[in-house]
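Step one of this worksheet: look at the structure below.
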Ligand SMILES: [Zn+2]
Ligand SMILES: [Zn+2]
Ligand SMILES: [Zn+2]
Ligand SMILES: [Zn+2]
C-alpha cells in the first residue's frame with residue numbers, strides 16, 4: 002500500500018515537473034507593465050531612480066521616496082502577486098538607513114548621501130562631476146560606486162582572489178569641502194588629514210577631499226580613488242593584514258601605482274601622507290625611467306626595496322617596486338597574488354621566490370632585469 006502511494010506521489014511529481022514549463026511558457030495575458038512579476042516602477046520617484054550598472058543594495062537618496070521607501074517599485078495594477086516581498090525589501094532599507102547613513106548624518110551634522118553595493122560602501126558629498134550624462138550628486142554617487150565595482154573585478158582577476166577572500170567591504174568617503182575631510186578623517190580613518198587618508202586592514206576605509214586645485218581633471222579623482230581602493234582591497238584580501246608596515250611596502254605601493262599606469266595615462270598620484278619629501282620626483286610613465294636605470298647600471302637589485310615599509314620607500318624605490326609588480330603581473334608567470342599573499346604573511350621576498358617560482362631571489366632578480374631589457378623602451382612614451 003505504502004509503495005503504491007509512493008509510486009502515485011512520484012508520478013504526480015514528475016507529471017507536474019514535466020508540464021509546469023509548458024504551462025508557464027504559454028503567454029496568456031501577460032501584463033506588459035510588469036511581465037508577470039507583479040512589480041512596476043515607483044512613479045513618484047521615477048525621475049530619480051538609481052542609475053547603476055552593478056546592483057545597488059542600498060541607496061540613501063532612493064530611500065527618501067515616501068511612496069516606495071527606496072525600493073523604487075510598487076505593486077502592479079494588474080494585481081499579479083509579486084515574486085519578491087516589497088514589504089520585506091522596504092523594511093530592510095528602512096533598517097539600513099537607521100544605521101550607517103544616520104550615524105554619518107549625526108556625526109557630520111547634516112545628511113550625507115550613502116550607497117552600498119556588493120563590495121563597497123560609498124559616502125559621497127560631491128555635488129557634480131564633469132562626466133557626460135551625469136547631472137547631479139545622485140548620478141555621480143552611482144557612477145563612482147560602479148567604477149569601484151569595476152575595479153574590484155579587475156583587482157580579483159589580477160590578484161587571483163575570489164569573494165570569500167575578503168573580510169569586509171571597503172568604505173570610501175569623498176568630500177567636496179576640506180573642512181569635511183578634516184572632520185571625517187580622524188573619525189573614520191583614525192588619521193587626521195585635510196587631503197586624504199586611509200585605514201588599512203580588516204575593515205578598510207579611505208577618505209579624501211576632492212581638491213580641484215590639485216585634481217584639475219575629473220579623471221584625476223577617478224585615478225586617486227582607484228589608487229586608494231587598491232591599497233584598501235590589497236590590505237583586506239586573504240588575511241586582513243596590511244603589508245605596508247610589515248616590510249611589504251613594495252607590494253602595497255607598487256600595485257597602487259601599477260593600476261595608475263595600467264588604467265590611466267601614467268602615475269600622477271602619491272599618497273599625500275608621504276608626499277612632502279617627494280616633491281621633486283617626476284610624475285609620468287615609468288617604463289623609460291626603469292629602462293634608463295638598467296642601461297646606466299643604476300637599477301638596484303630586488304633586495305634593495307623588497308624589505309621596506311611603504312613609508313620608508315624613496316620615490317625611485319616606488320618606481321622600481323612598480324616595475325617588479327609589473328613583471329609579476331605581465332611577465333612569464335603571473336604570480337603577483339601569491340607574492341602579495343606571502344608579503345601579507347610576513348614572509349621574506351627570497352622565501353616567496355623559492356616557494357612560488359622555485360627559484361632563488363638572485364635568479365628572479367636576473368630574470369626581472371632580462372624582462373625589463375626585452376620589454377621596456379628607453380624612449381619615454383607620449384603623455
Ligand atoms: Zn502587471
Ligand atoms: Zn541611488
Ligand atoms: Zn519611489
Ligand atoms: Zn599610495
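Residue numbers (this note's numbering): 2 to 384. Glycine residues also receive a C-beta, built at the ideal position from the N, C-alpha and C atoms. Keep in mind it's a predicted model, so treat the numbers as computed, not measured.
When every heavy atom of ligand 2 is checked, does at least one fall within less than 8 Å of the C-beta of residue i?
i: residue 139; result: yes
Please state the DSSP three-state secondary structure of residue i.
i: residue 280; result: Note that residue 280 scores a pLDDT of 42, beneath 50, so its modelled location is shaky; the value from the coordinates is reported in the next line. In this structure, residue 280 counts as coil in the three-state DSSP scheme.
i: residue 49; result: helix
i: residue 332; result: coil
i: residue 199; result: strand
i: residue 117; result: strand
i: residue 273; result: Here residue 273 scores only 48 on pLDDT, less than 50, and its place in the model is too uncertain to base an answer on.
i: residue 287; result: coil
i: residue 60; result: strand
i: residue 266; result: coil
i: residue 177; result: coil
i: residue 387; result: Nothing in the structure corresponds to residue 387, since the chain is present only between 2 and 384.
i: residue 226; result: helix
i: residue 130; result: coil
Confirm the yes/no value for this check: CB of residue i, any heavy atom of ligand 3, distance under 8 Å.
i: residue 83; result: no
i: residue 68; result: yes
i: residue 355; result: no
i: residue 43; result: yes
i: residue 233; result: no
i: residue 73; result: yes
i: residue 46; result: yes
Would residue i pass as a contact of residue j if the rule is Cβ separation under 9 Å?
i: residue 196; j: residue 207; result: no
i: residue 86; j: residue 66; result: no
i: residue 122; j: residue 173; result: yes
i: residue 127; j: residue 211; result: yes
i: residue 221; j: residue 155; result: no
i: residue 68; j: residue 83; result: no
i: residue 251; j: residue 306; result: yes
i: residue 103; j: residue 125; result: no
i: residue 369; j: residue 332; result: yes
Whole-angstrom Cβ separation of residue i and residue j, contact assumed at under 8 Å?
i: residue 310; j: residue 286; result: Residue 310 to residue 286, Cβ: 26 Å. No contact.
i: residue 199; j: residue 229; result: 6 Å
i: residue 256; j: residue 235; result: 6 Å
i: residue 314; j: residue 290; result: That pair is no contact at about 15 Å.
Cβ of residue i versus every heavy atom of ligand 4: is any distance shorter than 8 Å?
i: residue 288; result: no
i: residue 228; result: yes
i: residue 346; result: no
i: residue 257; result: yes
i: residue 171; result: no
i: residue 313; result: no
> Where the beta carbon is closer than 5 Å to any heavy atom of ligand 2, which residues qualify, in chain order?
Replying inline: Taking each Cβ in turn, the ones that pass are 51, 60, 62, 63.
> What is the chain-ordered set of residues for which the beta carbon lies under 5 Å from any non-hydrogen atom of ligand 1?
Replying inline: Chain-ordered, the residues whose CB falls short of 5 Å from any heavy atom of ligand 1 come out as 32, 34, 35, 77, 79.
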